[in-house]
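Okay, so here's the structure we're looking at.
Protein chains: 2
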Amino acid sequence: MTLIASPSQTSNHKQEKILQGAMQVFFRDGYAGTSMDRVAIEAGVSKQTIYSYFHDKEGLFKALIEQITISRFQTLFDSEELTGDPEGLLRQVAEAYLLKVSDDHQYLSLLRVVIAESSRFPEMAKLYYHTVIQRGRQLLGKYFDDRPELGIQDSEATAQIFFGTLVSFVVSQELMYGKEIMPLSSQKLVDSLVYLILRNKSI
Amino acid sequence: MTLIASPSQTSNHKQEKILQGAMQVFFRDGYAGTSMDRVAIEAGVSKQTIYSYFHDKEGLFKALIEQITISRFQTLFDSEELTGDPEGLLRQVAEAYLLKVSDDHQYLSLLRVVIAESSRFPEMAKLYYHTVIQRGRQLLGKYFDDRPELGIQDSEATAQIFFGTLVSFVVSQELMYGKEIMPLSSQKLVDSLVYLILRNKSI
DNA sequence: GTCTATAATCAGATAGAC
DNA sequence: GTCTATCTGATTATAGAC
Numbered sequence: 001m002t003l004i005a006s007p008s009q010t011s012n013h014k015q016e017k018i019l020q021g022a023m024q025v026f027f028r029d030g031y032a033g034t035s036m037d038r039v040a041i042e043a044g045v046s047k048q049t050i051y052s053y054f055h056d057k058e059g060l061f062k063a064l065i066e067q068i069t070i071s072r073f074q075t076l077f078d079s080e081e082l083t084g085d086p087e088g089l090l091r092q093v094a095e096a097y098l099l100k101v102s103d104d105h106q107y108l109s110l111l112r113v114v115i116a117e118s119s120r121f122p123e124m125a126k127l128y129y130h131t132v133i134q135r136g137r138q139l140l141g142k143y144f145d146d147r148p149e150l151g152i153q154d155s156e157a158t159a160q161i162f163f164g165t166l167v168s169f170v171v172s173q174e175l176m177y178g179k180e181i182m183p184l185s186s187q188k189l190v191d192s193l194v195y196l197i198l199r200n201k202s203i
Numbered sequence: 001m002t003l004i005a006s007p008s009q010t011s012n013h014k015q016e017k018i019l020q021g022a023m024q025v026f027f028r029d030g031y032a033g034t035s036m037d038r039v040a041i042e043a044g045v046s047k048q049t050i051y052s053y054f055h056d057k058e059g060l061f062k063a064l065i066e067q068i069t070i071s072r073f074q075t076l077f078d079s080e081e082l083t084g085d086p087e088g089l090l091r092q093v094a095e096a097y098l099l100k101v102s103d104d105h106q107y108l109s110l111l112r113v114v115i116a117e118s119s120r121f122p123e124m125a126k127l128y129y130h131t132v133i134q135r136g137r138q139l140l141g142k143y144f145d146d147r148p149e150l151g152i153q154d155s156e157a158t159a160q161i162f163f164g165t166l167v168s169f170v171v172s173q174e175l176m177y178g179k180e181i182m183p184l185s186s187q188k189l190v191d192s193l194v195y196l197i198l199r200n201k202s203i
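Chains as they are written, first to last, in UniProt numbering: chain W, 1 to 203; chain U, 1 to 203.
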């Protein structure tokens, strides 16, 4: 039932304009707060054109979120396996995530909207969970499994702690304005996180 | 400008009915998805009565979120100081949080709505951050500071990791239906979390 | 104070011209 | 295919009766 926008096929110009405009409005105003009139204006097309490409508001929203979730994250973790020395790898992943994400309004908005609409659109939250959270956790878990010398008690749980720490930090600092109230150094967070996970071996 | 509902004063019956009804609807449908008609029906009063107590929809919403945030969390951490042996304390806090919260629809909805509306209502997100996140972190940070023998590198960062792990676990398992897709044992999470933080000393 | 009834506006979705 | 114009119902907020 989800009108997914023909993944990596002939890219329709009008359809892309619509999705681009829809993203602006949905990410700013949320699902219920978005009017199709505004999407039409933002996309630079008429409202009827939107309805000819997407069945209704729900269809447009689902197609948008699906497309962004999949296109942004399927390649992020997919085929590549994590390699390298533990300290360097964990630092690099954590720092790259925090650096990229803190100024990435699209990522932050997607995360906010998926959580916001998780009750009305459960499939959307499940897709995000499957595509992003579960995949990241499994990948890092596998890395831990391959290195028993690290003394990791439970690889999946530890991977969940690792990514959960990063995501919750971004949510509290960026989405909830902790940065303005009482900034917490992301460098200190990464230091402590890597320290906790690796202090058996590398320190 | 926030119409806070007279904290611990003469409790107005109609006002409480309105807030109770408003909570049902706002927590289910979000801010924009909520109609004042539905609030009136759910609260069992007329719409005009709502407008006589609260200036408008925004005022009602802000008053509601403020009241719940403050009344639920001000005493949770406030005066009491954390005490006891490290392993027992960390286990107890983590298990109590996960056990209580996983079935606590009011808590889950508040968290979801505060994140969802963080852009439209920044003051609300800041209040939540200040009242819940920052306070919890400081309290646990102080506990760590008082026990240098634990070998904690950075007490505040480690406290952030501790609570961030718990909150992100609940968000991913409950709000994003990870529980249905691939459940992750909360016991294993707590074991690994406590193990990571304390393996210098207690193991 | 509280209700019923209503005003004014805006929403999602469609019809029909070109 | 795409646009303009429009229909129908819902929404916020208010007026006025009791």
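Note that beta-carbon positions come from the ideal geometry of N, C-alpha and C, so glycine has one too.
Note that this is a predicted model, so its numbers are computed, not measured.
Does the CB of residue i have a neighbour CB from chain W at under 8 angstroms?
i	result
Met1 of chain U	Low local confidence applies: a pLDDT of 40 at Met1 of chain U is under 50, so the model's placement there is unreliable, with the coordinate-based value given in what follows. Chain W, which has no Cβ nearer than 8 angstroms to the Cβ of Met1 of chain U, makes this no.
Ser202 of chain U	At Ser202 of chain U, the pLDDT of 43 sits below 50, so the modelled position is not reliable and the matter cannot be decided from this model.
Tyr177 of chain U	yes
Ile50 of chain U	no
His130 of chain U	yes
Gly33 of chain U	yes
Please go through the same chain and pick out, in chain order, the residues whose beta-carbon is closer than 7 angstroms to the beta-carbon of residue i, but skip the five residues on each side of it.
i	result
Gln160 of chain U	Arg137
Gln20 of chain W	Ala43
Ser102 of chain W	Val170 and Glu174
Ala125 of chain U	Val114 and Ser118
Thr34 of chain W	Val25 and Phe26
Have a look at the options and flag the residue whose alpha-carbon is nearest the alpha-carbon of residue i.
i	options	result
Ile197 of chain U	W:Ser172, W:Gln153 and W:Pro183	W:Gln153
Gly151 of chain U	U:Gln15, U:Met23 and U:Asn200	U:Asn200
Leu64 of chain U	U:Leu184, U:Gln24, U:Ile133 and U:Asp146	U:Gln24
Leu127 of chain U	W:Val101, W:Gly178 and W:Ile50	W:Gly178
Thr131 of chain W	W:Glu174, W:Asp85, W:Leu111 and W:Thr83	W:Leu111
Tyr107 of chain W	W:Arg28, W:Asn12, W:Gln15 and W:His13	W:Arg28
residue 216 of chain W	W:Met36, W:Ser168 and W:Val93	Since the first residue of chain W shown is 1 and the last is 203, residue 216 of chain W is not available in this structure.
Phe162 of chain U	U:Gln134, U:Phe54 and U:Val114	U:Gln134
Ile100 of chain U	U:Ser46, U:Val167 and U:Gln15	In the sequence as displayed, the identity of residue 100 of chain U is Lys instead of Ile. Looking at the Cα atoms, U:Val167 is the closest of the given residues.
Only counting the same chain, and skipping five residues up and downstream in sequence, which positions put a Cβ closer than 6 angstroms to that of residue i?
i	result
Leu193 of chain U	Thr165
Ser6 of chain U	Model confidence at Ser6 of chain U stands at a pLDDT of 42, short of 50, so the residue's coordinates are unreliable; what they give is reported in the following sentence. Nothing listed; no residue qualifies.
Ser186 of chain U	Leu98
Asp191 of chain U	none
Going by DSSP in three states, residue i sits in which element: helix, strand or coil?
i	result
Phe163 of chain U	helix
Tyr51 of chain U	helix
Ser202 of chain U	Only weak support exists for where Ser202 of chain U lies, its pLDDT of 43 falling under 50; the value from the coordinates is given anyway. DSSP places Ser202 of chain U in coil when its eight states are reduced to three.
Gly121 of chain U	The sequence given here has Phe at residue 121 of chain U, not Gly. Coil.
Pro7 of chain U	Its pLDDT being 44, under 50, Pro7 of chain U is placed unreliably in this model, and the value from its coordinates should be taken loosely. Correct three-state label for Pro7 of chain U: coil.
Thr97 of chain W	In the sequence as presented, Thr is not what sits at residue 97 of chain W; that position holds Tyr. Tyr97 of chain W: helix per DSSP, three-state reduction.
Ala32 of chain W	coil
Glu80 of chain U	coil
Taking 8 angstroms as the threshold (beta carbon to beta carbon), is residue i in contact with chain U?
i	result
Thr158 of chain W	yes
Asp191 of chain W	yes
Thr165 of chain W	yes
Gly30 of chain W	yes
Ser172 of chain W	yes
Gln20 of chain W	no
Pro86 of chain W	no
Arg72 of chain W	no
Thr102 of chain W	Residue 102 of chain W is actually Ser in this sequence, not Thr. No, no contact with chain U.
Pro148 of chain W	no
Does the Cβ-Cβ distance between residue i and residue j come in under 8 angstroms?
i	j	result
Phe121 of chain W	Lys62 of chain W	yes
Ala157 of chain U	Leu98 of chain W	no
Ile50 of chain U	Ile18 of chain U	yes
Met176 of chain U	Tyr129 of chain W	yes
Ala96 of chain U	Ala116 of chain W	no
Please list, in chain order, all residues of the same chain as residue i whose beta carbon is under 8 angstroms from its beta carbon, the five residues on each side excluded.
i	result
Leu82 of chain W	Leu89, Val93, Leu139, Leu140, Lys142 and Tyr143
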